Each structure stands twice: as structure tokens, then as C-alpha cells.
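*Asks:* Before I ask anything, here is the structure I am working with.
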Amino acid sequence: MTEVGMRCSSLSTMAFTSVLLFICSIYSCYAQVPLLMWTSDGSNMPHLAQPAAGQTVSGGQLASYLKSALSVAPHSVLLFLQDKLSMEDFTMYGGVFGNKQNSAFLNVESALQMSSNPLVLPALDWSASHSILELFQGELGIPAVHIDLSTLKEIKLNTAQPSLLAVHLPYTAGDQTKELLLKNDAIIGEVLDVFKSQDVPYTAVYTGLKPSRVIEETPVMAGRSMGRSLLQAPPQSSVKPPLVVNNTAGQPCILLWADTLLARYSGNQDDLARDIFNASADFTAGSVCNETLSRLVINYQNVLNLRSLQLIFSMRKIFFPVSARNWSVMLSKL
Numbered sequence: 389m390t391e392v393g394m395r396c397s398s399l400s401t402m403a404f405t406s407v408l409l410f411i412c413s414i415y416s417c418y419a420q421v422p423l424l425m426w427t428s429d430g431s432n433m434p435h436l437a438q439p440a441a442g443q444t445v446s447g448g449q450l451a452s453y454l455k456s457a458l459s460v461a462p463h464s465v466l467l468f469l470q471d472k473l474s475m476e477d478f479t480m481y482g483g484v485f486g487n488k489q490n491s492a493f494l495n496v497e498s499a500l501q502m503s504s505n506p507l508v509l510p511a512l513d514w515s516a517s518h519s520i521l522e523l524f525q526g527e528l529g530i531p532a533v534h535i536d537l538s539t540l541k542e543i544k545l546n547t548a549q550p551s552l553l554a555v556h557l558p559y560t561a562g563d564q565t566k567e568l569l570l571k572n573d574a575i576i577g578e579v580l581d582v583f584k585s586q587d588v589p590y591t592a593v594y595t596g597l598k599p600s601r602v603i604e605e606t607p608v609m610a611g612r613s614m615g616r617s618l619l620q621a622p623p624q625s626s627v628k629p630p631l632v633v634n635n636t637a638g639q640p641c642i643l644l645w646a647d648t649l650l651a652r653y654s655g656n657q658d659d660l661a662r663d664i665f666n667a668s669a670d671f672t673a674g675s676v677c678n679e680t681l682s683r684l685v686i687n688y689q690n691v692l693n694l695r696s697l698q699l700i701f702s703m704r705k706i707f708f709p710v711s712a713r714n715w716s717v718m719l720s721k722l
């Protein structure tokens, strides 16, 4: 079998045009919010196993996380409860590619970096976030005290007793979103500074009461037609659906879409994207997905005057603190 790159060193040039390749954990974003949990610098929190990629954390699982965390973490607890929040807010308004000055979450990101073993739950059932006050009240055995900036400076903290302070943060969609998120982050920073000035170790939680964005499943991912036709056949779409590779659980884990995928060898040129989407190429043999590494293998027959050709896309999942999420990075194109 002739392959690309190391497996076929004579295949010297390959040009990729308009290729979109991404690996992701596919889960419905409907009714899910993120939850960030961290401790003050110098305080400890047990190492809590992150949920599996794509897993929605239920209220029962959240209670287990909180119980484990509070077995070690400080019992002075801060709850930052925002009206709405989604992971996409961190992606859109966080410091992209390390550009911290452009981030709307400067204080949150700094606190996460200073904390030991922070917990990030990308997909929490939003109904569970509504019960987070009750969960902490039950664990600490005290009622929550709701505070705002006007009463913040009057608070005198006592490290000898547990405390549970809740801070409500607004949210608005549209052009003012980033500006409001910056104000919320400044409020979070002020509250943390009060605890720091009084030398009180704390455990902080930042989450949303509802998702700020609802992304419904598309027909490609849902595997079913959406909408309805009125006594007429639906028009044929000129856009081909992406190539989909499923994991061992039968869920999509790799998607590939390409408008054009040009390959050139010994003076011959061919558009390999055509064979991908008309089912001429086989991608079932050798393609794998797991929690850290994924590989897409596309096998061709009789292209570029070659009896066989193999394209390999290797990807590795890496955690990016800016968005507090795992993203997959292309390691090689062989």
C-alpha cells in the first residue's frame, strides 16, 4: 500500500484548499451551563476527575463533586451565580490565543491559574445549577447570604466558622455582552480581593442559572429530518454532509468536511474530496477515537495513478485555559 508522507516519501506535494477538519465531543448544548470551581492561592482542593468528554453532569453527580471538594477545600464559599452562561461565552470573549488583554474573564482566568486542581464542568444540567445553593447549604449546614457591591465592604469574615456568600450577576445578549461580562469579572475580582485583604481562604464557584446559547441538533448530527414539507419533496442540497467517524459508544467524534482537497503526484492532480463524499474512499479501517488521541485514516484506491493511497490525520486533545475546554490540535498530516 502506498501512503502519504513517511509511508510514501515520493509523494512530494499536497495542497489542501478550504478544508475544515475538527474533532469534538458531540453533545447537545441545550439546557447546559458550565461550572468553574477553584480555591484561593495556598488552599488545597482534591483532584477531582473531570467528566468524560460530552458527558452532561447531573445534580447527583454535582453533589458528589461538591462533597468531595469540601472534604478538603475551605468552608468559606463564594457563589457567583450569573443569569445566563455557556461555554461559548468563554470561547467568544475569553483571551484568544493567549491575548489576555482582550479577555472578558481576566480575574476568573487568573484565579483558576493560581488555584490548585480547579474543577471545570463544561456541561452541567442547568436544573442542577438552580439547586447549587441548597447543595452548599446542606453540606455546610448554614443559610446563604446574598451580597452586592454596596454591602461588600461591610462584610467581616470569620475563618473559624463556615460562610456561604452568594453574588448575583446579570447577563445580556447582543452587542453589550462583552461589556457586561467585563463588569461581572470586575465584581468577581473585587469580592476575591476582600477575602484576600482579610486573609480568608475561600472556595469559589462561578456558573449560570440558564444557558446563554441554545444550539439545537442539526439534521446531520441528529440523523433525522427537521421541519416539515408541505406536499412537496424537499429540495436537494448541493452541500454534502460531513464525513462522520463514531466512537465505541456509537457517537460522532470526528467530522471532516472539505470543499476541495487537492493532491498532486508525478504531474498528476486529483480532487480527493470528491471520493470522500461519494463513498468511494474508505475511512472505517484504521480510524480511531479516544480521550486524548484521535486518528482519521482515509484509504483510496486507484487515484493519482497509484493503486492505493492513504491519508492520515493525527489529532491530540489539549486543554486550553482561556476557554477552560479541551480542543483538538492537528499533530501531523501524513
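The opening residue of the sequence shown carries number 389 in the numbering used here; numbering runs sequentially from there. Backbone N, C-alpha and C define an ideal beta-carbon position, used for all residues, glycine too. Note that the structure is predicted; figures quoted are calculated from it, not measured.
If you check the beta carbons only, do Val-717 and Ile-706 fall under 9 Å apart?
*Replies:* The residue given as residue 717 occupies position 329 in the sequence shown. The residue given as residue 706 occupies position 318 in the sequence shown. Yes. Within cutoff.
*Asks:* Look up Arg-704 in the DSSP assignment and say whether it is helix, strand or coil.
*Replies:* Walking along the sequence shown from the start, residue 704 turns up at place 316. Arg-704 falls in the strand class under three-state DSSP.
*Asks:* Pick out whichever of Trp-645, Asn-546 and Thr-565 has its Cα sitting closest to the Cα of Tyr-590.
*Replies:* Mapped onto the sequence shown, residue 590 falls at position 202. Comparing Cα positions, the closest option is Asn-546.
*Asks:* Whose C-beta lies closer than 6 Å to the C-beta of Ile-686 among residues of the same chain, with five residues either side of it excluded?
*Replies:* Stepping through the sequence shown from its first residue, residue 686 is reached at position 298. Counting only Cβ-Cβ distances below 6 Å, and skipping sequence neighbours, we find Ala-669, Phe-671 and Leu-699.
*Asks:* Which same chain residues, not among the five before or five after Arg-601, have their C-beta less than 6 Å away from its C-beta?
*Replies:* For the purposes of this step, residue 601 is identified with residue 213 of the sequence shown, where counting begins at 1. The residues are Ser-474 and Glu-476.
*Asks:* Which same chain residues, not among the five before or five after Leu-523, have their C-beta less than 6 Å away from its C-beta?
*Replies:* The count along the sequence shown starts at 1 and reaches residue 523 at position 135. Once the five neighbours on either side are set aside, the close Cβ partners of Leu-523 are Ala-451 and Leu-454.
*Asks:* Using three-state DSSP, classify Tyr-481 as helix, strand or coil.
*Replies:* The sequence position of residue 481 within the sequence shown is 93, counting from 1. Helix, per DSSP.
*Asks:* In this structure, how does DSSP classify Phe-493 when only helix, strand and coil are distinguished?
*Replies:* Counting from 1 along the sequence shown, the entry for residue 493 is found at position 105. It is coil, neither helix nor strand.
*Asks:* Which ranges does the beta strand (DSSP E) cover as unbroken runs of at least 3 residues, wholly within the region 670 to 705, from first to last along the chain?
*Replies:* With a minimum length of 3 residues, the continuous beta strand (DSSP E) runs that stay inside the region 670 to 705 are 681 to 691.
*Asks:* Quick one: which unbroken alpha helix (DSSP H) runs of 4-plus residues sit fully inside the region 633 to 669? Chain order, please.
*Replies:* Counting whole runs of 4 or more residues, the region 633 to 669 contains the alpha helix (DSSP H) stretches 660 to 665.
*Asks:* In angstroms with no decimal places, state the Cα-to-Cα distance between Leu-557 and Thr-648.
*Replies:* Translated into the one-based positions of the sequence shown, residue 557 becomes position 169. Translated into the one-based positions of the sequence shown, residue 648 becomes position 260. Each residue's alpha carbon lies about 46 Å from the other.
*Asks:* If I measure Cβ to Cβ from Leu-507 and keep anything under 6 Å in the same chain, skipping five residues before and after, which residues do I get?
*Replies:* Counting from 1 along the sequence shown, the entry for residue 507 is found at position 119. The residues are Met-425 and Leu-436.
*Asks:* For Gln-470, count the other beta carbons within 10 Å of its own beta carbon; 16 or more makes it buried, fewer makes it exposed. Which is it?
*Replies:* On the sequence shown, residue 470 is found 82 positions in, with the first residue counted as 1. Buried is the call here.
*Asks:* How long is the line joining the alpha carbons of Gly-655 and Leu-694, rounded to whole angstroms?
*Replies:* Indexing the sequence shown from 1 puts residue 655 at position 267. Indexing the sequence shown from 1 puts residue 694 at position 306. Cα to Cα, the separation comes out at about 12 Å.
*Asks:* Report buried or exposed for Lys-472, applying the criterion of at least 16 other Cβ atoms within 10 angstroms of its Cβ.
*Replies:* For the purposes of this step, residue 472 is identified with residue 84 of the sequence shown, where counting begins at 1. So Lys-472 counts as buried.
*Asks:* Could you tell me the distance, in whole angstroms, from the CA atom of Leu-580 to the CA atom of Leu-500?
*Replies:* Numbered from 1 along the sequence shown, position 192 holds the residue referred to as residue 580. Numbered from 1 along the sequence shown, position 112 holds the residue referred to as residue 500. Cα to Cα, the separation comes out at about 12 Å.
*Asks:* Tell me whether Val-579 sits in a helix, a strand or coil according to DSSP, three-state version.
*Replies:* Translated into the one-based positions of the sequence shown, residue 579 becomes position 191. Looking at Val-579 - three-state DSSP - the assignment turns out to be helix.
*Asks:* Whose CA, out of Gln-689, Arg-704, Val-691 and Asn-690, lies closest to the CA of Arg-683?
*Replies:* Along the sequence shown, read from residue 1 onward, the residue named residue 683 stands at position 295. The residue with the shortest Cα to Cα distance from Arg-683 is Arg-704.
*Asks:* Please return the same chain residues whose Cβ sits closer than 7 Å to the Cβ of Ser-431, not counting the five positions on each side in sequence.
*Replies:* Residue 431 sits at position 43 when you count from the first residue of the sequence shown. Around Ser-431: Ala-461, Pro-462 and Pro-589.
*Asks:* Counting along the chain, where does the alpha helix (DSSP H) carrying Tyr-590 start and finish?
*Replies:* Stepping through the sequence shown from its first residue, residue 590 is reached at position 202. Per DSSP, Tyr-590 belongs to no alpha helix (DSSP H) and is neither H nor E.
*Asks:* So the alpha helix (DSSP H) Ala-451 belongs to, where does it begin and stop?
*Replies:* Translated into positions along the sequence shown, residue 451 becomes position 63. Taken as a continuous stretch (DSSP letters only), the alpha helix (DSSP H) holding Ala-451 covers 447 to 458.
*Asks:* Taking buried to mean at least 16 other C-beta atoms within 10 Å of its own C-beta, is Asn-678 buried or exposed?
*Replies:* For this step, residue 678 is matched to residue 290 along the sequence shown. Exposed, by the Cβ-count rule.
*Asks:* Applying the criterion that 16 or more other CB atoms from any shown protein chain within 10 Å of the CB defines a buried residue, is Gln-657 buried or exposed?
*Replies:* What you label residue 657 is simply residue 269 of the sequence shown in a count that begins at 1. Flag for Gln-657 reads exposed.
*Asks:* What are the boundary residues of the beta strand (DSSP E) that includes Ser-464?
*Replies:* What you label residue 464 is simply residue 76 of the sequence shown in a count that begins at 1. Element bounds for Ser-464: 464 to 472.
*Asks:* Out of curiosity, what's the CA-to-CA distance linking Ile-543 and Pro-434?
*Replies:* As a working mapping, residue 543 is identified with position 155 in the sequence shown. As a working mapping, residue 434 is identified with position 46 in the sequence shown. C-alpha separation (whole angstroms): 28 Å.
*Asks:* Can you find the residues in the same chain that come closer than 6 Å, C-beta to C-beta, to Lys-566, ignoring five residues on each side of it along the sequence?
*Replies:* Here the question's residue 566 lines up with position 178 in the sequence shown. Here the set comprises Tyr-481 and Ala-492.
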